[in-house]
């Protein structure tokens with residue numbers, strides 16, 4: 002258990018460092034029009050919260066130099082209750098700008114509920130998301146982290162191997178969040194322990 006906790010601390014700290022501030026990233030996108038070309042459609046980036054920019058979004062901007070007309074950064078928050086009433090499930094934040102097409106959405110679910118992302122997005126009105134979303138054609142982006150045993154003295158070598166081995170035992174995110182496979186893109190990165 003301590004190996005898992007220590008490994009998660011290391012991975013979380015490194016991931017936060019790489020992701021950087023979401024608000025700073027949005028400001029940078031607004032300030033540098035040459036950084037990306039806006040393309041039609043809706044892109045949904047799943048992320049752990051609204052403090053950091055999703056790695057998949059950073060990769061899409063930095064490598065493909067594109068940003069969709071409507072960008073939703075979606076965080077799923079599991080509450081310590083069996084079910085969350087529908088009127089309390091969704092919280093929307095325009096991240097400081099109501100005209101850039103980038104919105105953060107927090108979706109809250111109880112531990113007994115299946116987080117159906119497309120269904121949540123269908124409930125969002127165009128006024129909340131800076132325009133009409135095309136949920137049936139939206140592209141979903143997931144960030145995938147590959148762990149590697151590095152030379153940094155973060156943990157003994159045997160604990161690094163144990164943590165990496167146990168990290169492979171995770172649920173399929175696309176299936177868990179009811180994402181359409183044919184429109185889900187997984188963008189990867191690696192982190193050394």
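Numbering (this note's numbering), first residue to last: 2 to 194.
Every residue, glycine too, gets a C-beta built ideally from N, C-alpha and C.
Inspect the beta-carbon positions of residue i and residue j and report whether they are closer than 8 Å.
i: residue 129; j: residue 93; result: yes
i: residue 96; j: residue 30; result: no
i: residue 154; j: residue 113; result: no
i: residue 178; j: residue 77; result: yes
i: residue 209; j: residue 168; result: Residue numbering for the chain in the displayed model covers 2 to 194; residue 209 lies beyond these limits and cannot be assessed.
i: residue 4; j: residue 160; result: yes
i: residue 194; j: residue 8; result: yes
i: residue 15; j: residue 56; result: no
i: residue 80; j: residue 46; result: no
i: residue 37; j: residue 67; result: yes
i: residue 99; j: residue 131; result: yes
i: residue 107; j: residue 146; result: no
i: residue 182; j: residue 140; result: no
i: residue 101; j: residue 186; result: no
Could you give the DSSP three-state label for residue i: helix, strand or coil?
i: residue 155; result: coil
i: residue 178; result: coil
i: residue 53; result: strand
i: residue 41; result: strand
i: residue 85; result: coil
i: residue 150; result: coil
i: residue 23; result: helix
i: residue 47; result: strand
i: residue 63; result: helix
i: residue 2; result: coil
i: residue 116; result: coil
i: residue 17; result: helix
i: residue 125; result: coil
i: residue 10; result: helix
i: residue 167; result: helix
Do we get a CB-CB distance below 8 Å when we pair residue i with the residues of chain B?
i: residue 156; result: Note that chain B does not occur in the displayed structure, where there is just one protein chain.
DSSP puts residue i in a beta bridge; with which residues?
i: residue 145; result: 189
i: residue 105; result: 74, 94
i: residue 79; result: 110
i: residue 68; result: 39
i: residue 140; result: 44
Taking 8 Å as the threshold, find out whether the stretch 135-146 comes into contact with the stretch 113-126 through three or more Cβ pairs. yes
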